[in-house]
Amino acid sequence: MKYLKWSFYGFLGLIAAGLLTTTALYFYFESELPSVEELKDVRLQTPMQVYSADGELIAQFGEVRRIPLKLDDIPQPLIDAFLATEDQRFYQHFGIDPIGVGRAFVQLILTGDIQGGGSTITQQAARNFYLSFEQTWSRKIKEAFIALRMESELTKDEILELYLNKITFGHRAHGVGAAAQVYYGRDVKDLTLAQMAMIAGLPKAPSTLNPISNPERARERRAVVLGRMLTEKKITIEQYRQALAEPIETRFHGPEVTMNAPYLAEMARAEVVSIYGEEIAYTSGLKVYTTANAKQQRAAQAAIQDNLHAYDERHGYRGAEAVWWQPDSAAPERAGLVQRLRELPTIGLTLPAVVVAVGEQQATVLLGDGREQLLEWAGLSWARAYMHAERQGPPPATATEILAVGQQVRVRVVGEQWRLAQVPEPSGAIIALRPHDGGIAAAVGGYSFTLSQYNRATQAKRQAGSNIKPFMYSAALENGFTLATLVNDAPINQWNPGSGIAWRPRNSPDVYEGPITVREALAKSKNVVSVRLLRAIGIDTAVNYLTRFGFNINDLPRNESLSLGSGSLTPLEMARGYAVFANGGYLVTPYFIERITDSFDQDIYQARPAVACVECELGDREVTQAPQVISEQNAFLVTQMMHSAVWGGGSWAHRTGWNGTAWRIQRSADLVRQSNRNIVGKTGTTNDIKDTWFSGFVSGLVTSAWVGFDNLERALGSTSINTNLSEGEQEVSGAEGGAKTALPMWIKFMELATQDVPAEPFQIPPGLVSARIDLKTGLLSRQSDHTSRFEYFLPGTAPTQYTEETSSPDPFDDDDSIF
Numbered sequence: 006m007k008y009l010k011w012s013f014y015g016f017l018g019l020i021a022a023g024l025l026t027t028t029a030l031y032f033y034f035e036s037e038l039p040s041v042e043e044l045k046d047v048r049l050q051t052p053m054q055v056y057s058a059d060g061e062l063i064a065q066f067g068e069v070r071r072i073p074l075k076l077d078d079i080p081q082p083l084i085d086a087f088l089a090t091e092d093q094r095f096y097q098h099f100g101i102d103p104i105g106v107g108r109a110f111v112q113l114i115l116t117g118d119i120q121g122g123g124s125t126i127t128q129q130a131a132r133n134f135y136l137s138f139e140q141t142w143s144r145k146i147k148e149a150f151i152a153l154r155m156e157s158e159l160t161k162d163e164i165l166e167l168y169l170n171k172i173t174f175g176h177r178a179h180g181v182g183a184a185a186q187v188y189y190g191r192d193v194k195d196l197t198l199a200q201m202a203m204i205a206g207l208p209k210a211p212s213t214l215n216p217i218s219n220p221e222r223a224r225e226r227r228a229v230v231l232g233r234m235l236t237e238k239k240i241t242i243e244q245y246r247q248a249l250a251e252p253i254e255t256r257f258h259g260p261e262v263t264m265n266a267p268y269l270a271e272m273a274r275a276e277v278v279s280i281y282g283e284e285i286a287y288t289s290g291l292k293v294y295t296t297a298n299a300k301q302q303r304a305a306q307a308a309i310q311d312n313l314h315a316y317d318e319r320h321g322y323r324g325a326e327a328v329w330w331q332p333d334s335a336a337p338e339r340a341g342l343v344q345r346l347r348e349l350p351t352i353g354l355t356l357p358a359v360v361v362a363v364g365e366q367q368a369t370v371l372l373g374d375g376r377e378q379l380l381e382w383a384g385l386s387w388a389r390a391y392m393h394a395e396r397q398g399p400p401p402a403t404a405t406e407i408l409a410v411g412q413q414v415r416v417r418v419v420g421e422q423w424r425l426a427q428v429p430e431p432s433g434a435i436i437a438l439r440p441h442d443g444g445i446a447a448a449v450g451g452y453s454f455t456l457s458q459y460n461r462a463t464q465a466k467r468q469a470g471s472n473i474k475p476f477m478y479s480a481a482l483e484n485g486f487t488l489a490t491l492v493n494d495a496p497i498n499q500w501n502p503g504s505g506i507a508w509r510p511r512n513s514p515d516v517y518e519g520p521i522t523v524r525e526a527l528a529k530s531k532n533v534v535s536v537r538l539l540r541a542i543g544i545d546t547a548v549n550y551l552t553r554f555g556f557n558i559n560d561l562p563r564n565e566s567l568s569l570g571s572g573s574l575t576p577l578e579m580a581r582g583y584a585v586f587a588n589g590g591y592l593v594t595p596y597f598i599e600r601i602t603d604s605f606d607q608d609i610y611q612a613r614p615a616v617a618c619v620e621c622e623l624g625d626r627e628v629t630q631a632p633q634v635i636s637e638q639n640a641f642l643v644t645q646m647m648h649s650a651v652w653g654g655g656s657w658a659h660r661t662g663w664n665g666t667a668w669r670i671q672r673s674a675d676l677v678r679q680s681n682r683n684i685v686g687k688t689g690t691t692n693d694i695k696d697t698w699f700s701g702f703v704s705g706l707v708t709s710a711w712v713g714f715d716n717l718e719r720a721l722g723s724t725s726i727n728t729n730l731s732e733g734e735q736e737v738s739g740a741e742g743g744a745k746t747a748l749p750m751w752i753k754f755m756e757l758a759t760q761d762v763p764a765e766p767f768q769i770p771p772g773l774v775s776a777r778i779d780l781k782t783g784l785l786s787r788q789s790d791h792t793s794r795f796e797y798f799l800p801g802t803a804p805t806q807y808t809e810e811t812s813s814p815d816p817f818d819d820d821d822s823i824f
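Everything in the sequence shown is counted per this note's numbering, starting at 6 for the first residue and increasing by one.
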């Protein structure tokens with residue numbers, strides 16, 4: 006009894022000492038423990054996601070991949086798998102499992118080291134949220150205290166929900182929602198029992214037990230989880246056997262991106278980081294909704310890629326990218342070839358391939374997925390040998406003239422046909438925006454983001470060429486000219502005493518027609534007329550006027566080359582300028598983020614763009630009016646001239662024989678039908694054909710398209726050389742290079758983009774008058790045939806004389822009496 010008594014006192018003493026030690030340790034570590042408020046306001050690190058305006062995922066940014074879920078959204082078998090494997094007594098203990106603590110203590114005595122394991126789900130949640138993973142006594146003690154505090158402040162279900170959303174599963178997947186997507190490409194509710202068991206087994210060692218890196222060890226771990234579920238009576242023996250027999254079929258699944266728009270996504274990422282900083286942007290679960298429509302964005306991407314491939318094929322095949330073995334040598338092992346192909350990037354539409362057989366008019370290539378694909382003659386016959394930009398070899402007669410076994414090449418799919426391909430050398434960009442508020446409907450900054458992240462749509466300042474002329478003509482209208490004013494389309498020879506040479510601006514093509522109306526001059530893109538207009542209004546007046554359209558004055562040269570487009574602008578700046586004509590004279594500010602929500606889907610940002618409107622009454626929404634920079638009448642008259650660039654002389658074109666530089670639009674039956682002829686635009690080509698443009702619009706959508714070679718000093722590492730697009734892109738028929746190179750891309754985009762955009766007629770603004778004029782003299786006409794047409798004028802600017810009352814000027818009198 007005496008020994009029993011002392012043993013009892015000793016036991017009480019140990020308890021008292023333990024309590025005192027625990028209390029002392031608590032107060033020692035208290036300052037390092039999270040507060041009650043922190044426990045109740047735990048924020049999961051969730052990546053930023055970028056969406057199209059209609060909800061398609063474009064990109065995800067952030068190291069951690071997470072899909073937060075409510076506990077009710079997680080299938081019960083998956084919960085059972087975690088409880089059976091990690092903490093069978095989770096709903097019974099108080100946050101610490103004495104048995105587990107005792108096991109860890111025994112391990113310490115036996116090995117001298119603190120071993121992992123033995124932690125409850127609550128302790129694991131505490132460690133994942135607040136502590137490091139180092140195996141030290143101080144960390145284990147703090148982990149226990151945090152677990153106790155969590156148990157006192159949160160319900161068991163709240164703790165379990167936090168744990169299932171926080172735990173790491175490897176391959177940057179955090180939480181069961183992300184794990185289901187990364188390993189199986191599914192929502193958790195669609196997982197099989199075997200897949201749930203696989204995921205539940207990963208937290209023990211996610212880097213070595215995951216089925217992608219180590220399928221056999223993953224299979225063994227899955228069996229352990231299923232066995233524990235069977236022991237806990239969470240599954241039947243039949244379910245156990247069926248799940249155990251299920252094969253390990255998994256691969257890495259990237260974020261569920263449903264629309265490829267990397268240039269737009271990068272624009273959004275950079276903007277959000279500039280507003281909120283990297284920490285908030287990448288970890289707080291922001292959802293960024295852009296202004297871009299998915300259908301229009303896809304159309305822009307396809308238009309650029311298809312158009313650049315068409316250009317590239319016109320100029321010949323540059324040959325294989327590499328030679329892996331000679332035709333008379335033995336082919337390497339197939340598995341090695343496949344692995345080597347997998348290491349090569351997919352660039353745009355092109356896939357890497359290696360030639361394994363060549364026939365008379367066909368070839369067989371091996372792809373990175375292990376398939377062999379037949380290239381028929383229709384996909385090979387385009388490949389004339391590239392010699393230089395202006396010359397290609399003769400059309401090939403056999404496949405052996407093009408390919409040889411062992412060559413590493415690229416292929417692409419066009420419709421259902423496989424085609425020999427190459428990465429296009431020139432670059433391109435498309436930017437489309439809504440003219441009423443500046444919202445960007447589509448933005449593509451190059452052929453492939455993989456190849457170059459340089460966004461040519463927003464960053465590349467390129468010479469505008471004839472794309473600048475509508476702004477010059479707008480300035481002319483503001484300074485006394487009319488659509489019927491005659492200007493002399495005759496060669497200019499101006500001697501420059503300083504340089505000792507003459508400046509001789511030329512039309513493209515080099516054709517001159519004498520006195521020509523302002524309308525027809527813009528439609529035909531007459532260079533010498535543009536120079537004469539600039540001379541008439543003055544360079545300073547023109548430069549200052551062009552800044553009304555949002556152009557930086559430093560990008561506009563103060564010499565006569567300005568009239569021919571020597572100033573440098575980005576496609577976005579160009580589209581913004583053309584939007585002024587489309588919306589009746591207002592300068593809108595482009596924007597591409599419509600709204601941003603937090604991790605709880607609550608709006609934290611909503612765009613409030615200034616809009617183009619007269620009274621700005623749009624219901625209950627507060628609206629700011631964009632500044633009006635030109636009159637509605639001026640905008641309409643310039644639009645009329647650009648209408649002639651597309652449709653020529655209208656109903657007179659077939660009799661007078663002239664068309665505008667953008668006549669190709671007439672061939673697009675879909676675009677003509679959708680626009681109901683209410684579509685306008687202007688080609689643009691620099692005199693060295695390094696830059697080709699087309700900018701134009703319907704009433705609800707403005708689009709600028711550019712094609713050219715990158716400038717090395719501006720393209721941030723691009724490998725393209727700064728060269729021209731070749732004389733072959735400038736047609737003898739009279740269309741500028743922009744009509745052959747940039748316009749087809751613009752048409753292809755607009756054919757799809759305008760399907761959901763009402764193409765309303767261009768309304769005649771108040772104050773304009775109409776008068777029938779003689780097309781040859783610009784004076785009033787009493788005729789009603791093809792020699793005349795009705796023209797629009799500002800009040801007081803219409804001619805007052807009839808053509809019969811005066812004589813016509815000498816068409817090629819170069820005394821500049823007609824400007």
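Beta carbons are placed, not taken as given, at the ideal position from N, Cα and C, and that holds for glycine.
Neighbourhood of residue i by C-beta, 8 Å cutoff - its chain only, sequence neighbours within 5 removed
{"i": "Glu276", "result": "Phe597, Ile598"}
{"i": "Asp675", "result": "Glu756"}
{"i": "Thr351", "result": "Pro357, Thr455"}
Per DSSP, the bridge partner or partners of residue i
{"i": "Glu796", "result": "Ala776"}
{"i": "His179", "result": "Arg71, Thr173"}
{"i": "Val651", "result": "Note: Val651 sits in no beta bridge, so no partner."}
{"i": "Val359", "result": "Leu371, Gln413"}
{"i": "Gly713", "result": "Ser432, Asp696"}
{"i": "Pro520", "result": "Asn493"}
{"i": "Tyr56", "result": "Leu62, Tyr294"}
Limits of the unbroken beta strand (DSSP E) element including residue i
{"i": "Ile497", "result": "No beta strand (DSSP E) holds Ile497; DSSP gives it neither H nor E."}
{"i": "Leu371", "result": "367-372"}
{"i": "Ile542", "result": "Counting along the chain, Ile542 falls outside any beta strand (DSSP E), though it belongs to the alpha helix (DSSP H) covering 532-542."}
{"i": "Ala437", "result": "432-438"}
{"i": "His393", "result": "391-393"}
{"i": "Thr255", "result": "Here Thr255 belongs to no beta strand (DSSP E), and DSSP marks it neither H nor E."}
{"i": "Lys687", "result": "685-690"}
{"i": "Asp85", "result": "No beta strand (DSSP E) contains Asp85, which is instead part of the alpha helix (DSSP H) from 81-91."}
Endpoints, alpha helix (DSSP H) assigned at residue i
{"i": "Lys239", "result": "No alpha helix (DSSP H) contains Lys239, which DSSP labels as neither H nor E."}
{"i": "Tyr268", "result": "267-281"}
{"i": "Arg600", "result": "From DSSP, Arg600 is part of no alpha helix (DSSP H) but of the beta strand (DSSP E) over 598-602."}
{"i": "Glu377", "result": "Not the alpha helix (DSSP H): Glu377 falls in the beta strand (DSSP E), residues 377-381."}
{"i": "Arg581", "result": "576-587"}
Exposed unless 16 or more other CB atoms sit within 10 angstroms - verdict on residue i
{"i": "Glu809", "result": "exposed"}
{"i": "Val703", "result": "buried"}
{"i": "Lys238", "result": "exposed"}
{"i": "Thr455", "result": "exposed"}
{"i": "Arg537", "result": "buried"}
{"i": "Met392", "result": "exposed"}
{"i": "Lys75", "result": "exposed"}
{"i": "Lys687", "result": "buried"}
{"i": "Gln422", "result": "exposed"}
{"i": "Phe99", "result": "exposed"}
{"i": "Gly353", "result": "buried"}
Cut-off 6 Å between Cβ atoms - residues of its own chain near residue i, not counting five sequence neighbours on either side
{"i": "Glu377", "result": "Thr369, Leu371"}
{"i": "Val343", "result": "Gly375"}
{"i": "Phe174", "result": "Ala184, Leu207, Pro211"}
Other residues of its chain near residue i: CB distance less than 7 Å, five sequence neighbours each side excluded
{"i": "Ser157", "result": "none"}
{"i": "Gly653", "result": "Ala528, Trp663, Asn664, Gly665, Trp668"}
{"i": "Gln244", "result": "Leu198"}
{"i": "Ala803", "result": "Val774, Ala776"}
Cβ-Cβ separation, residue j to residue i (assumed contact under 8 Å), whole Å
{"i": "Gly555", "j": "Gly582", "result": "6 Å"}
{"i": "Val707", "j": "Asp442", "result": "Actually they do not touch by this definition, with Cβ atoms about 12 Å apart."}
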